[in-house]
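Scroll down for the structure; my scribbles are underneath it.
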Amino acid sequence: MKRAKEEEGSISMDRISSLPKEILQRILYLLTQEEATGTSILSKSWRHVWRTRPNLVLSDADYFKDKEQEFLSVVDETLHGYLDQGVCLEEFHLCMSNHVSVPHLEKWIPRLEQMGVHDFRLYVISRREVGEIVDIPVVFEAEPLTLLFVFNCDLGRNVPENIRFVRLQVLHLKNVVIEQEIFDKIASSCGSLTDMWFEECKGLTNIKRMHDRSRCPVSRNGQDLREQDSVSRPRVLQSQVFMHSDLVEESQVFFIDAPNMEVYEYTGPVIPYVSFAPTSGKSTLSLYMRDDDAEDAQSWFLRLSKLLQGLRKSEICLKIFHLARLDLRIEEDILMRDAISGGNKPVVVENFILEISCFSSFPFVLNGLFCICRPKNVTPHRSCYEETELEELSEFFRKIKKMIDSGNRKIWRDLEGLTVERFNRVQEEWQPVINVAKLPESIFKEFRVRLKWSDRD
Amino acid sequence: MAAETGTPTTLTLKSNDDELFSVAESAAILSVTIRNMVEDGCAGGVIPLDNVDGKTLASVITYMNGISAIPADEEKKKSYRDKFLSDKDFETLADMVLAANYLNMSCLMDAVSAKIAQVMEKKSVGWVRRKFGIENDYTPEEEAAVKEEHKWTFEGVETDDDN
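Protein sequences, first through last, are from chains C and L.
Per my numbering, the first sequence starts with residue 2, numbered consecutively.
Per my numbering, the second sequence starts with residue -16, numbered consecutively.
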């Protein structure tokens, strides 16, 4: 019985092994590196097929953890395999978490172009908290580089003469020390950059994108159609910048110049200067309120006002958190004059989220904020509300109403309506709260104030 | 009569076992091989496809008609492809991928390759051998040597052989 079954199976004997190599390569292309390499053990004819698939993904994590030498020889040997057979390697993803092996890039990178690589993704993720120095000028020569992730590293002091990141699309730096000059060279070399992410980058004060070079010709042999498409398509630039408080002093001047930005996300203690004017897209700003010696509340609002003006044509979501002071000195007239200087209308902010510990200080902040922008929604943010906090919240909503009644006429004359709303998760919609005084008994978790402004200046 | 407005041009394809098929030119030119013939003006009579049998060609034509009836909507095209391939056994898939390769139809080629790759994903060596009827011609010593050579691949791989 068993025998018969085997024979029945053998009628269609091994179609897969007899498929042409280019089809097998296409199939293996879709497997993980381990699965693809694992096919070597199927049978003799499969032994080396994996070494011809057009992509290679190697990481010194998992199995190779603490087996650095073994990892290096696997990378070496596999790359050699492609070279020796003259097989085209199109994609090469390499993840290194041990800085000791980084100098080996000197050997590998210069060969990639010749091997046909047009999609080289490099992850240098140092496991240590303190940045290891990765002073490897050869990385800057990697023309096929499309993605560069560097975590916990120091990119060194040597400014390379030439940076050839013509294909770089994604640049992700976290806890990286980088010379401004190096960064400028990177930025001016990558006409294809679509995605930037900076988190805790020491030394970086100015993020500048040169003029849009998305159409700069990338001429190479073996460039496929898909790439040509992406070269001529309008750039979508995503930028995410995250900074935390320990770098405040070094980053006092933080300047962002990036036209064509579609998604702009900034988190940090310093309000950046932006010199671009997005015509659409979304801007999400998360800012720490500063009212210390370095920057008083007044100048903080003035800078925020400038930033909002720069982003006025995008959909702005503004989140302010870490607010502790009870009384802030704000010259409302100065703020307002500044905000509407040049005949601009007050900037519309889609959603203004406040994340604070002490609700009672709100009106001061709101006063300053209403001088410089027109939020459509004001949302106090809390992950959950205790009953006492709900009381504070209802107090807060009452204070807003009071503030409007007694506040600056110039601001509030434009207000047409105000509704306190709660979010109904079942019906997935915001609904008006009828009686704000009864908020503490509410079963709802999310509240906001919806403001309707008239269109006049 | 063919010049009548709105009448689509029809091509006649001949399989290697001499079956004839009519197919709208607009659908047939999904195959770059056929498109080149049309552009070179060699599609007037019967187009012989020497590497495709009738059964496979019928299936490929069903696909050509189905996919070209869908407007430019990648999501819908993808779900059509998934549905089209869902009931095909490996034997048929192998025939289709060879035909797609010969006809130079990259979308079908990619879809069938993906389908075959899916079968191999997360599976043990033994399972893949059985599934595809691959005969292990290694001696135990050779097999152990290959395994040792690629130790990094075989350690810690979870397999899921139930389906």
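Glycine is no exception: its CB is placed at the ideal position from the N, C-alpha and C atoms.
Computed from a predicted model, the values in this text were never measured in an experiment.
Following the DSSP letters along the chain, one finds C/MET290 in no alpha helix (DSSP H), marked with neither H nor E. Using beta-carbon distances, C/TYR83 does not count as an interface residue toward chain L, since no partner is under 8 Å.
If only uninterrupted alpha helix (DSSP H) runs of at least 4 residues are considered, those enclosed by the stretch 55 to 99 of chain L are 57 to 69 and 73 to 86. Judged by DSSP in its simplified three-state form, C/HIS49 adopts coil rather than helix or strand.
Around the beta carbon of C/GLN34, 16 or more other beta carbons sit within 10 angstroms, so the residue counts as buried. When secondary structure is reduced to three states using DSSP, C/ASP185 falls in the helix class. Residue pairing for C/SER284: DSSP places it in a beta bridge opposite C/TYR265 and C/ILE317. Cβ-Cβ separation between C/VAL139 and C/LEU156: approximately 13 Å, too far for a contact (criterion under 8 Å). When the alpha-carbon of L/THR136 is set against those of C/GLU23, C/ASP456, C/GLU429 and C/GLY39, the nearest one is in C/GLY39.
When C-alpha distances from C/LEU32 are compared across C/PRO21, C/ASN56 and C/TRP47, the shortest belongs to C/ASN56.
Among the residues facing chain C, L/TRP110 is not included, as its CB has no counterpart in that chain under 8 Å away.
Neighbours of L/TYR121 in chain C, taken as residues whose beta carbon is under 8 Å from its own, are ILE42, SER44 and LYS45 in chain order.
Taking the CA atoms as reference points, L/ILE30 sits about 59 Å from C/ASN99. Among the CB atoms of chain L, none fall inside 8 Å of the CB of C/THR79. Collapsing the DSSP output to three states places L/ASN19 in a helix. Residues of chain L whose Cβ lies closer than 9 Å to the Cβ of C/TYR64 are, in chain order, LYS134, TRP135, THR136, GLU138 and GLY139. Rounded to the nearest whole angstrom, the C-alpha separation of C/GLU71 and C/ASP77 is 10 Å.
Taking the Cβ atoms as the reference, C/GLY269 lies roughly 7 Å from C/VAL242, within the contact range of under 8 Å.
Within the same chain, SER14, VAL15, THR16, ILE17, LEU32, VAL35 and VAL43 come within 8 Å of L/LEU86 by CB-CB distance, once the 5 residues on both sides are set aside. According to DSSP, residue pairing for L/ALA7 in a beta bridge involves L/THR(-7). Interface criterion met: the Cβ of C/ARG48 is under 8 Å from a Cβ in chain L. At least one CB atom of chain L sits nearer than 8 Å to the CB of C/SER18.
For the options L/ASP1, L/ASP0 and L/LEU(-4), the alpha carbon positioned closest to that of L/ALA7 is the one of L/LEU(-4). In the DSSP assignment, C/ARG451 falls within the beta strand (DSSP E) that extends over 448 to 454. Under the Cβ distance rule, L/ASN34 does not count among the residues neighbouring chain C, no pair being separated by less than 8 Å. Assigned with DSSP and collapsed to three states, C/LEU90 falls in coil, not helix or strand. By the CB criterion at 8 Å, C/TRP51 and C/ALA37 fall inside the cutoff. The Cβ of L/MET103 sits closer than 8 Å to at least one Cβ of chain C. Distance between C/SER189 and C/PRO433, taken at the CA atoms: about 51 Å. For C/GLU356, the uninterrupted beta strand (DSSP E) segment begins and ends at 352 to 356.
Residue pairing of C/MET97 in beta bridges, as defined by DSSP: C/VAL125. Ranked by Cα distance from C/LEU169, the options C/ARG423, C/GLU393, C/LEU194 and C/ARG410 are led by C/LEU194. Here the alpha carbons of C/ASN207 and C/GLN181 stand approximately 7 Å from one another.
Contact between the stretch 136 to 154 of chain C and the stretch 97 to 113 of chain C is present, with at least three C-beta pairs closer than 8 Å.
Secondary structure at C/LYS346: coil, using DSSP grouped into helix, strand and coil.
If you compare the alpha carbons of C/ASP185, C/LYS400, C/TYR274 and C/LYS402 with that of C/GLU162, the shortest gap goes to C/ASP185.
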